[in-house]
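Everything below concerns the one structure shown next.
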Amino acid sequence: MKKYFLYIAIALILAFVQRFLFSKLLILHASPDVLAIFIAFISVSAGQRTGVNYGFGAGLVAGMLSGNLGLSALIGTVQGFAAGFYHVPEESHATSVKKKRMFYAASLTAFIAGNLLQSIMLDPLSLPLYIRMPETVILGTLMSMALTVLFYHFALKKLLRD
Amino acid sequence: MSSFFRFIAKHTAYLYFLLYCSISIMLMQLQRKETLDAIRERGLSINAAVSKQFTDATAIFTQERDNERLFLQNARLFAQLARQQTALRDASDQQTIVANAPPWSGPFKVARVVDRRFSATDNMLIIDAGSSQGVSKEMAVLTPDGLVGHVIEVSANYAKVMPVINQNFMVSVVSDSTRANGLLSWRNGHERLAKMEHVPVSSPLLVGERVTTSGFSTFATRGIPVGQIVRISKDKLFYNVDVRLAVDFSSLSWVLVSMAKPSMEKIELMESPDAPAKEQ
Numbered sequence: 001m002k003k004y005f006l007y008i009a010i011a012l013i014l015a016f017v018q019r020f021l022f023s024k025l026l027i028l029h030a031s032p033d034v035l036a037i038f039i040a041f042i043s044v045s046a047g048q049r050t051g052v053n054y055g056f057g058a059g060l061v062a063g064m065l066s067g068n069l070g071l072s073a074l075i076g077t078v079q080g081f082a083a084g085f086y087h088v089p090e091e092s093h094a095t096s097v098k099k100k101r102m103f104y105a106a107s108l109t110a111f112i113a114g115n116l117l118q119s120i121m122l123d124p125l126s127l128p129l130y131i132r133m134p135e136t137v138i139l140g141t142l143m144s145m146a147l148t149v150l151f152y153h154f155a156l157k158k159l160l161r162d
Numbered sequence: 163m164s165s166f167f168r169f170i171a172k173h174t175a176y177l178y179f180l181l182y183c184s185i186s187i188m189l190m191q192l193q194r195k196e197t198l199d200a201i202r203e204r205g206l207s208i209n210a211a212v213s214k215q216f217t218d219a220t221a222i223f224t225q226e227r228d229n230e231r232l233f234l235q236n237a238r239l240f241a242q243l244a245r246q247q248t249a250l251r252d253a254s255d256q257q258t259i260v261a262n263a264p265p266w267s268g269p270f271k272v273a274r275v276v277d278r279r280f281s282a283t284d285n286m287l288i289i290d291a292g293s294s295q296g297v298s299k300e301m302a303v304l305t306p307d308g309l310v311g312h313v314i315e316v317s318a319n320y321a322k323v324m325p326v327i328n329q330n331f332m333v334s335v336v337s338d339s340t341r342a343n344g345l346l347s348w349r350n351g352h353e354r355l356a357k358m359e360h361v362p363v364s365s366p367l368l369v370g371e372r373v374t375t376s377g378f379s380t381f382a383t384r385g386i387p388v389g390q391i392v393r394i395s396k397d398k399l400f401y402n403v404d405v406r407l408a409v410d411f412s413s414l415s416w417v418l419v420s421m422a423k424p425s426m427e428k429i430e431l432m433e434s435p436d437a438p439a440k441e442q
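Top to bottom, those sequences are chains D and R.
My numbering applies: residue 1 is where the first sequence begins, and numbers increase by one.
My numbering applies: residue 163 is where the second sequence begins, and numbers increase by one.
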């Protein structure tokens with residue numbers, strides 16, 4: 001129970017970090033998504049249902065800060081749901097390599113799903129879909145994946161082993 | 163039916179997913195409603211407040227550079243202002259001193275005091291007018307207020323002035339109403355108080371009388387104001403007279419040099435022996 005409150009606190013902090021730091025690291029309208037990494041982590045370690053719950057909650061907070069309440073919540077929910085397919089149950093006694101692979105796969109799926117939704121539904125610059133979709137999906141996913149690798153090595157590795 | 167419920171129980175994530183997606187889509191549709199607008203506004207205000215804090219935090223790093231730049235700009239402006247104010251003040255002072263030049267000063271040269279040495283024993287002034295400008299030794303130096311002193315040394319462009327407030331300075335003076343003669347000199351003490359000596363107790367001297375240079379002076383023309391009598395006390399033969407000097411030496415910056423040449427003949431005559439040589 002204590003762990004889940006900690007996750008809520010981390011989700012809140014990450015929503016702020018995403019809004020005020022990572023969303024400013026724009027390259028061709030795409031930015032890394034730290035909140036998606038967190039949702040993927042929750043989904044992999046705690047399951048799809050929990051991932052969906054946290055995804056929705058984190059998306060709501062991020063939406064409140066960005067002004068796109070519904071879209072952010074939807075993206076968070078979809079990310080949590082998509083990443084949940086890579087859930088590694090505790091009783092599975094999976095190796096750390098497998099956990100790592102599953103986490104990367106979950107993150108990649110979450111990024112693609114999130115960026116895809118975002119590029120379809122959010123068009124702040126009125127760019128044509130065939131430009132903004134590959135731009136957002138490819139660049140956003142690449143940047144987020146780079147961040148995922150960093151996060152995994154410096155923080156999440158130990159948590160996933162436990 | 164029971165298998166359906168088992169399926170639902172097993173896959174609650176799908177239910178949550180559908181529920182949250184519905185809520186999210188509903189929120190997207192209702193985003194223009196007032197309550198949601200209020201929530202969005204609140205979120206945006208938090209967003210703006212935090213953004214402002216971020217901006218303020220980063221401003222700290224650039225503040226030192228900005229301060230340095232402003233300091234230099236200030237220094238430049240201050241120097242410019244000081245130059246302009248000095249020029250303005252000099253022009254105004256020069257104009258005033260020329261306009262207020264008294265009739266008794268005759269032809270004169272305006273000079274600026276460029277250096278001053280005031281101490282308890284040795285007071286001197288340096289003015290920026292010298293022999294190139296026609297200034298020579300023993301010329302009287304004054305202001306519209308009164309006598310300042312006399313020239314004792316001259317170079318090409320500068321002259322040294324012995325002011326009234328020098329222990330070696332003496333000038334013959336006369337009171338303007340009772341016409342009592344005396345010698346004015348300055349001793350250590352108050353900067354603006356001088357002594358009028360050799361005034362016999364028989365003279366009808368009065369407190370408040372103005373004192374001017376007399377015709378006995380070797381360098382000063384007659385009638386230059388020197389000061390005002392502020393205190394008189396009797397001694398055995400002579401009065402002890404305190405004269406408040408007319409010129410304020412503490413704020414002296416411009417002076418007039420009287421171009422009237424001192425009478426060398428008179429000086430030589432006064433310096434000659436008092437008694438005629440006895441015939442052998």
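Just so it is clear, CB atoms sit at the ideal spot from N, CA and C, and this is done for glycine as well.
For F111(D), which residues in the same chain have their Cβ closer than 6 angstroms to its Cβ, ignoring the five residues on either side in sequence?
Along the first sequence, read from residue 1 onward, the residue named residue 111(D) stands at position 111. Same-chain partners within the cutoff: A36, T141 and S144.
When the Cα atoms are used, what is the spatial distance from V310(R) to A382(R)?
Along the second sequence, read from residue 1 onward, the residue named residue 310(R) stands at position 148. Along the second sequence, read from residue 1 onward, the residue named residue 382(R) stands at position 220. Between V310(R) and A382(R), the C-alpha separation is close to 10 angstroms.
Contact between the segment 63 to 71 of chain D and the segment 81 to 94 of chain D is defined here as three or more beta-carbon pairs at a separation below 8 angstroms; is this criterion met?
no
Would M358(R) and V405(R) be called neighbours here (beta carbons separated by less than 9 angstroms)?
For the purposes of this step, residue 358(R) is identified with residue 196 of the second sequence, where counting begins at 1. For the purposes of this step, residue 405(R) is identified with residue 243 of the second sequence, where counting begins at 1. In this structure, V405(R) lies closer than 9 angstroms to M358(R) by Cβ.
Starting from S213(R), find everything on chain D with Cβ-Cβ shorter than 8 angstroms and list it in chain order.
Translated into positions along the second sequence, residue 213(R) becomes position 51. In chain order: F20.
Provide the residue(s) that pair with Q118(D) in DSSP beta bridges, ordered along the chain.
Position 118 of the first sequence, counting from 1, holds the residue named residue 118(D). DSSP, once it has assigned bridges, lists no residue as partnering Q118(D).
Where V403(R) and I391(R) are concerned, what is the direct C-alpha to C-alpha distance, given to the nearest angstrom?
For the purposes of this step, residue 403(R) is identified with residue 241 of the second sequence, where counting begins at 1. For the purposes of this step, residue 391(R) is identified with residue 229 of the second sequence, where counting begins at 1. Going from the Cα of V403(R) to the Cα of I391(R) covers about 7 angstroms.
Secondary structure of A58(D), DSSP reduced to three states
Position 58 of the first sequence, counted from the first residue, corresponds to residue 58(D). Three-state DSSP puts A58(D) in a helix.
Nearest by alpha-carbon distance to A342(R): which of D252(R), Q295(R) and I394(R) is it?
The residue you call residue 342(R) lines up with position 180 of the second sequence. Nearest of D252(R), Q295(R) and I394(R) to A342(R), Cα basis: I394(R).
Would you report the Cα separation of L232(R) and R274(R), rounded to the nearest angstrom?
As a working note, residue 232(R) is residue 70 in the second sequence. As a working note, residue 274(R) is residue 112 in the second sequence. Computed Cα separation, rounded: 36 angstroms.
Around the C-beta of K440(R), are 16 or more other C-beta atoms found within 10 angstroms, so that it is buried, or is it exposed?
Locating residue 440(R) in the second sequence gives position 278, counting from the first residue. Low confidence applies here, because K440(R) scores a pLDDT of 44, under 50, leaving its location unreliable and the question unanswered by this model.
The ligand GDP heavy atoms versus the CB of T174(R): any closer than 8 angstroms?
As presented, the structure is devoid of all ligands, the ligand GDP included, so that no description of it is given.
Of the residues I187(R), I327(R), K214(R) and C183(R), which one's Cα is nearest the Cα of E353(R)?
Counting from one through the second sequence, the residue named residue 353(R) turns up at place 191. For the residues I187(R), I327(R), K214(R) and C183(R), the minimum Cα distance to E353(R) belongs to I327(R).
Enclosing beta strand (DSSP E) for Y401(R) [first to last residue]:
Position 239 of the second sequence, counting from 1, holds the residue named residue 401(R). Counting along the chain, the beta strand (DSSP E) containing Y401(R) begins and ends at Y401 to L407.
Hey, would you say A302(R) sits closer than 9 angstroms to A321(R), going by beta carbons?
Here residue 302(R) refers to the residue found at position 140 of the second sequence. Here residue 321(R) refers to the residue found at position 159 of the second sequence. No, these two residues do not count as a Cβ contact at 9 angstroms.
Would F38(D) count as contacting chain R if we go by Cβ distances under 9 angstroms?
Mapped onto the first sequence, residue 38(D) falls at position 38. No, F38(D) lies away from the interface with chain R (no Cβ there is under 9 angstroms from its Cβ).
Could you list which residues in chain R have their beta carbon closer than 8 angstroms to that of V52(D), in chain order?
Here residue 52(D) refers to the residue found at position 52 of the first sequence. A175, Y178, F179 and Y182, listed in chain order.
Residue-chain proximity (L65(D), chain R), Cβ-Cβ < 9 angstroms:
Here residue 65(D) refers to the residue found at position 65 of the first sequence. Yes, its Cβ sits closer than 9 angstroms to a Cβ of chain R.
With 9 angstroms as the threshold, decide whether the Cβ of R168(R) is near any Cβ in chain D.
Sequence index remark: in the second sequence, residue 168(R) carries index 6 (1-based). For R168(R), the answer is no, since every Cβ of chain D falls outside 9 angstroms of its Cβ.
Residues sharing a beta bridge with E90(D), DSSP
Counted from its first residue, the first sequence places residue 90(D) at position 90. DSSP output for E90(D) lists no bridge partner at all.
At what residue ranges does the segment 339 to 409 of chain R contain a whole run of the beta strand (DSSP E), taking only runs of 3 or more?
343 to 347, 355 to 359, 372 to 375, 387 to 396 and 401 to 407
Give the straight-line distance between the Cα atoms of F378(R) and R251(R), rounded to the nearest whole angstrom.
The residue labelled residue 378(R) in the question sits at position 216 within the second sequence. The residue labelled residue 251(R) in the question sits at position 89 within the second sequence. Approximately 37 angstroms, taken between the alpha carbons.
Thinking C-alpha only, which one of V373(R), P366(R) and V323(R) is nearest S420(R)?
For the purposes of this step, residue 420(R) is taken as residue 258 along the second sequence, with counting starting at 1. Closest by alpha carbon: V323(R).
Can you find a C-beta in chain D that's less than 9 angstroms from the C-beta of R231(R)?
Walking along the second sequence from the start, residue 231(R) turns up at place 69. By this cut-off, R231(R) is not an interface position.
Is I187(R) helix, strand or coil when you go by DSSP?
Working through the second sequence from its first residue, we reach residue 187(R) at position 25. DSSP places I187(R) in helix when its eight states are reduced to three.
Bounding residues of the beta strand (DSSP E) (the contiguous stretch that carries A273(R))
Walking along the second sequence from the start, residue 273(R) turns up at place 111. First-last of the beta strand (DSSP E) with A273(R): F270 to R279.
How many whole angstroms separate the CB atoms of N285(R) and P325(R), which I take to be in contact at a CB cut-off of 8 angstroms?
In the second sequence, counting from the first residue as 1, residue 285(R) sits at position 123. In the second sequence, counting from the first residue as 1, residue 325(R) sits at position 163. N285(R) to P325(R), Cβ: 5 angstroms. Contact.
Note down the Cα distance separating Q442(R) from S298(R), rounded to an integer number of angstroms.
Against the second sequence, residue 442(R) aligns to sequence position 280. Against the second sequence, residue 298(R) aligns to sequence position 136. Because Q442(R) sits at a pLDDT of 40, beneath the cut-off of 50, its placement in the model cannot be relied upon, and the point is left open.
For D307(R) and S413(R), what's the separation of their Cα atoms in angstroms?
On the second sequence, position 145 is the one that residue 307(R) refers to. On the second sequence, position 251 is the one that residue 413(R) refers to. So the two alpha carbons sit approximately 12 angstroms from each other.
Below 8 angstroms on C-beta distance, what does R202(R) contact in chain D?
Stepping through the second sequence from its first residue, residue 202(R) is reached at position 40. The contacting residues are M64, G67 and L69.
Using 8 angstroms for Cβ pairs, my map puts F81(D) next to A175(R). What's the rounded Cβ distance?
Within the first sequence, residue 81(D) is the residue found at index 81, counting from 1. Within the second sequence, residue 175(R) is the residue found at index 13, counting from 1. Yes, they are in contact, since the Cβ atoms of F81(D) and A175(R) sit about 7 angstroms apart, within 8 angstroms.
Verify the CB distance criterion: does G140(D) have a CB-CB separation below 9 angstroms to chain R?
Indexing the first sequence from 1 puts residue 140(D) at position 140. Cβ-Cβ to chain R under 9 angstroms: no for G140(D).
Exposure label - R248(R); buried when at least 16 CB within 10 Å
For this step, residue 248(R) is matched to residue 86 along the second sequence. For the record, residue 248(R) in the displayed sequence is Thr; it is not Arg. T248(R) comes out exposed.
Span of the alpha helix (DSSP H) around T141(D)
Working through the first sequence from its first residue, we reach residue 141(D) at position 141. Taken as a continuous stretch (DSSP letters only), the alpha helix (DSSP H) holding T141(D) covers G140 to F151.
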